[in-house]
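A.B. asks: Top to bottom, those sequences are chains A and B.
Following the numbering used here, the numbering of the first sequence begins with -11 at its first residue and continues without gaps.
Following the numbering used here, the numbering of the second sequence begins with 7 at its first residue and continues without gaps.
Where is the CB? At the ideal position from N, CA and C, for every residue including glycine.
Pasting a structure here, questions to come.
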Amino acid sequence: MFNLLNAEFYKLRKSKAIYIGVLVASILALLLYGSLVMIDKINQGEVANGTARIIVSQVDESVNDSGAPKSMMREIGIAGVLQQMFGGHFVGIIAAVLVSIFVIREFSAGTVKNLVGKGYTRPAIFFAKMIPVIILTLVFEAVVVAITICMGIPFMGWQEFSATAWGDVAFYTGFQFLFGAAIAVIYMLIGELTRNLAAGISVSIGMLMFSTTLTAGLDLVFHGLEMQPSKYWVLDLMSSCPIADFETEFIVRGVLVSAVWLVIAAVLGVLHFRKADVK
Amino acid sequence: MEYALRTDGITKIYGKHTVVDHVSMHVKKGDIYGFIGKNGAGKTTFMRVVAGLAAPAAGTMELFGSGDLEKQRQRLGTLIEQPGLYGTMTARDNLEVVRKSFGITGKHAVEEMLEFVGLAQAGKKKVKNFSMGMKQRLGIAIALFRSPDFLILDEPINGLDPEGIKEVRDLLSKLNRERQITILISSHILGELSKIASNYGIIKEGVLIEEFAAEDLKSRCRRCVKLVVDDVQRASTILEEKCHITEYDVPKEGVLRVFDGIDNSWVINRELVEGGIHLKESYLAGQDLEGYFMDLLGGASNV
């Protein structure tokens, strides 16, 4: 198992996709900050509404207590931008692509044949892939957090940076790591089931984009029974995770739901991999 | 008799289609076993079952006389269908992954193997830019990396140029001769296969129709005069007494195969006719190996 992990981490180090993923996430963070700058400029009348295709539906020309024009960017803050990166599934989409590439290429390139039937049990091969997949997702998320925070300094200024509640940001990040680990194993399960890069990425992103709509629908259906399925779906927790004022109920539910989904995905993945033929 | 592989009734079914149908194969230790069949005959599927990549629907197998397949498969080196390679990595990186996966100590093992398969000069070239032959060689290197006792190679010379084919052929002969590695090999290039194989198995529509040794094959392909006669007994007497021929056989009723005096077959014909034999047919027979296999497999091309 240690040897397999060693080889998997070697492959990770050699993978260009990770660096490209980080680059894309950086660009997304930059665009997010850039959009906020533009919104402020539109609100303050410095540029016309619709410039660079950014349309503010309700221009806010109000001022703050000191008489200066209100800044959307300062209201949102670095923590808010971070929340957008995770809650808006920017990070999730890139992670889905990275995990799919890392898992599915073993099947599409046939390299899994080099391990199966060579003395390792299939569950060992699956877990040796799962652990780096989780670490890959967590490292990627950590890098995105670091980049988003660092980019915030030139955009928001040192004062805003210093005023950020870093304890809350750390707690929020920890939660996103937890959700990210569970989602990564679900992506891996999808990769194992589809074994096709295009299908794997499509299904993963589709799940990311539409599953919360589905759970919202289920909430409506089960409204009469006072059941709220969205409370137990990890992607809903990812996007609804607060950036401050964490309630104990949410903390406990978040930990349990993530753990349960991680275990379910891992068990289903192992069961399928144990039985399925390898081509 | 020690067997590297012995299967009994191995069957593989996909949906309603039986791809491998009760195959009982016997590969002796030290053999180079040529596995022959048309496309879709079930060769690759059978090899995948042996390698543990696919589970059989029925049947049992033993590797090196043991039913503990999980353990014995550690002694296998396989190259089945396309070699499993990371296209964005170099040959060295690909072997490094294999080295790390199996905890083989010493990086020199990678260099030695690259040298062994003639890829030491590939340098930083990515595998996706390799020729088919280079990929095959790298696939063979991966199969050989753990010093296996039993190699399973599915079409290993596919895509190689004549020089490459010869190199692989020599390499396999050398591995078999010097390291006593047993080899199960399938190939479409029957002429090449016949240069190294010591035994053959022929599969048709999922059924292993025949297993035989290379010497046996030679006698089956020997040049002869085939005679179709009304009285084999009397014809045999004439052959022996009048033509002084002793090397002949009777493969089936009414047919004689004469191996002696082929160049003077007209003498044989004349003596038989003069002896009152009704000679229905007389013709020179004997095939190359390819022709023989074609006959066995039903005559179609694409073997």
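Does the CB of B/Ile274 have a neighbour CB from chain A at under 8 Å?
C.D. replies: No, B/Ile274 does not count as interfacial toward chain A.
A.B. asks: Mind pulling the chain A residues with CB within less than 7 Å of B/Lys106?
C.D. replies: Under the 7 Å cutoff, chain A gives Asn(-9), Asn(-6), Ala(-5) and Tyr(-2).
A.B. asks: Could you say if the region 132 to 142 of chain B and the region 91 to 107 of chain B meet the contact criterion of at least three C-beta pairs nearer than 8 Å?
C.D. replies: The answer is yes - the region 91 to 107 of chain B touches the region 132 to 142 of chain B, with three or more Cβ pairs under 8 Å.
A.B. asks: Who does B/Asn205 pair with in a DSSP beta bridge?
C.D. replies: Paired residues: B/Tyr39 and B/Ala219.
A.B. asks: To the nearest angstrom, report how far apart B/Tyr59 and B/Glu296 are at their CA atoms.
C.D. replies: It should be pointed out that residue 59 of chain B corresponds to Leu in this sequence rather than to Tyr. For B/Leu59 and B/Glu296, the distance between alpha carbons rounds to 31 Å.
A.B. asks: Output, in sequence order along the chain, the residues in the region 50 to 72 of chain B whose CB is closer than 8 Å to any CB in chain A.
C.D. replies: Flagged, chain order: Arg54, Ala57, Gly58, Leu59, Ala60 and Ala61.
A.B. asks: May I have a chain-ordered list of the alpha helix (DSSP H) segments no shorter than 4 residues that lie completely inside the region -3 to 80 of chain A?
C.D. replies: With a minimum length of 4 residues, the continuous alpha helix (DSSP H) runs that stay inside the region -3 to 80 of chain A are 4 to 31 and 60 to 75.
A.B. asks: Just verifying my parser: in three-state terms, what is the DSSP assignment at A/Leu256?
C.D. replies: Helix.
A.B. asks: Would you please verify whether the beta carbon of B/Gly90 is less than 8 Å from any beta carbon of chain A?
C.D. replies: By this cut-off, B/Gly90 is an interface position.
A.B. asks: What does B/Asp254 pair with, by DSSP beta-bridge criteria?
C.D. replies: Correcting the residue identity first, residue 254 of chain B is Tyr in this sequence and not Asp. DSSP, once it has assigned bridges, lists B/Val264 as partnering B/Tyr254.
A.B. asks: Going by other Cβ atoms of all chains shown within 10 Å of its Cβ, with 16 needed for buried, is A/Trp249 buried or exposed?
C.D. replies: Classification for A/Trp249: buried.
A.B. asks: Indicate the three-state DSSP secondary structure (helix, strand or coil) for B/Asp160 in the structure shown.
C.D. replies: DSSP places B/Asp160 in strand when its eight states are reduced to three.
A.B. asks: Under a Cβ-count criterion, where at least 16 other Cβ atoms within 10 Å of its own Cβ denotes burial, should A/Ile27 be classed as buried or exposed?
C.D. replies: When all chains shown are included, A/Ile27 counts as buried.
A.B. asks: Starting from A/Tyr349, follow the alpha helix (DSSP H) in both directions and report where the run begins and ends.
C.D. replies: The structure shown does not extend to residue 349 of chain A, since chain A is modelled only from -11 to 267, so the question has no answer here.
A.B. asks: I'd like the span of the beta strand (DSSP E) that includes B/Met67, first residue to last.
C.D. replies: First-last of the beta strand (DSSP E) with B/Met67: Ala64 to Leu69.
A.B. asks: With distances taken between CB atoms, is the gap from A/Thr152 to A/Ala67 smaller than 8 Å?
C.D. replies: A contact, by the Cβ cut-off of 8 Å.
A.B. asks: Against A/Asn184, what residues of chain B qualify as contacts under a CB-to-CB distance less than 8 Å, listed in chain order?
C.D. replies: In chain order: nothing, as chain B lies at least about 16 Å away.
A.B. asks: Counting along the chain, where does the beta strand (DSSP E) carrying B/Tyr9 start and finish?
C.D. replies: Tyr9 to Tyr20 is the span of the beta strand (DSSP E), which, as asked, contains B/Tyr9.
A.B. asks: Can you give me the Cβ contacts of A/Ile252 inside the same chain, cut-off strictly under 6 Å, excluding the 5 residues immediately before and after it?
C.D. replies: Correct list: empty, nothing qualifies.
A.B. asks: By DSSP, does A/Ser199 sit in helix, in strand, or in coil?
C.D. replies: In this structure, A/Ser199 counts as helix in the three-state DSSP scheme.
A.B. asks: Which residues, in order along the region 95 to 110 of chain A, keep a beta-carbon less than 8 Å from a beta-carbon of chain B?
C.D. replies: The residues in question are Ala97, Gly98, Thr99, Val100, Lys101, Asn102, Leu103, Val104, Gly105, Lys106, Gly107 and Thr109.
A.B. asks: Run through DSSP, which three-state label would A/Ile135 get?
C.D. replies: Reduced to three states, the DSSP call for A/Ile135 is helix.
A.B. asks: What residues of chain A sit near B/Arg79, judged by a beta carbon separation below 7 Å?
C.D. replies: Those are Gly105, Lys106 and Gly107, listed as they occur along chain A.
A.B. asks: Starting from the C-beta of B/Ile163, find all residues in its chain whose C-beta is less than 8 Å away, skip the five residues before and the five after it, and write them out in chain order.
C.D. replies: Contacts found: Gln142, Gly170, Ile171, Val174, Arg175, Ser193, Ile195 and Glu198.
A.B. asks: Considering only C-alpha positions, which residue in the set B/Ile215, B/Cys227, B/Lys201 and B/Val238 is nearest to B/Leu178?
C.D. replies: When each option's Cα is compared against that of B/Leu178, the closest is B/Lys201.
A.B. asks: Is B/Ser137 close to the ligand ADP? I mean its beta-carbon at under 7 Å from any heavy atom of the ligand.
C.D. replies: By its list of ligands, the structure shown contains no ligand whatsoever, and the ligand ADP lies outside what it can speak to.
A.B. asks: Can you name the residues that DSSP bridges to B/Val234?
C.D. replies: B/Val261 and B/Glu287.
A.B. asks: Using a Cβ-Cβ cut-off of 8 Å (strictly less than) and excluding sequence neighbours within five positions of A/Ile178, which residues of its own chain qualify?
C.D. replies: For A/Ile178, where only same-chain residues beyond five positions count, the Cβ hits under 8 Å are Ser88, Gly188, Val191, Ser192 and Met195.
A.B. asks: Along chain B, in chain order, which residues have C-beta atoms closer than 9 Å to that of A/Lys4?
C.D. replies: Near A/Lys4 (Cβ distances below 9 Å), the residues of chain B are Thr94.
A.B. asks: Can A/Leu86 and A/Ile15 be called in contact, C-beta distance under 8 Å?
C.D. replies: Not closer than 8 Å, so no.
A.B. asks: I'd like to check one pair, A/Glu214 with A/Gly168: are the Cβ atoms closer than 8 Å?
C.D. replies: No. Outside cutoff.
A.B. asks: Looking at B/Val33: is its Cβ nearer than 8 Å to the Cβ of B/Gly212?
C.D. replies: No, these two residues do not count as a Cβ contact at 8 Å.
A.B. asks: Residues of chain B with a CB under 8 Å from the CB of A/Asp265: which are they?
C.D. replies: Correct list: Arg54, Leu59, Ala60 and Ala61.
A.B. asks: If you run the structure through DSSP and keep just helix, strand and coil, what is A/Leu103?
C.D. replies: Of the three classes helix, strand and coil, the one that applies to A/Leu103 here is coil, per DSSP.
A.B. asks: Here's a check: name, in chain order, each residue in its chain whose Cβ is nearer than 6 Å to the Cβ of A/Ile141, leaving out the five neighbours to either side.
C.D. replies: For A/Ile141, where only same-chain residues beyond five positions count, the Cβ hits under 6 Å are Phe149.
A.B. asks: Just curious, the alpha helix (DSSP H) that B/His23 is in, first and last residue?
C.D. replies: Where B/His23 is concerned, there is no enclosing alpha helix (DSSP H), although the beta strand (DSSP E) it sits in stretches over His23 to Val29.
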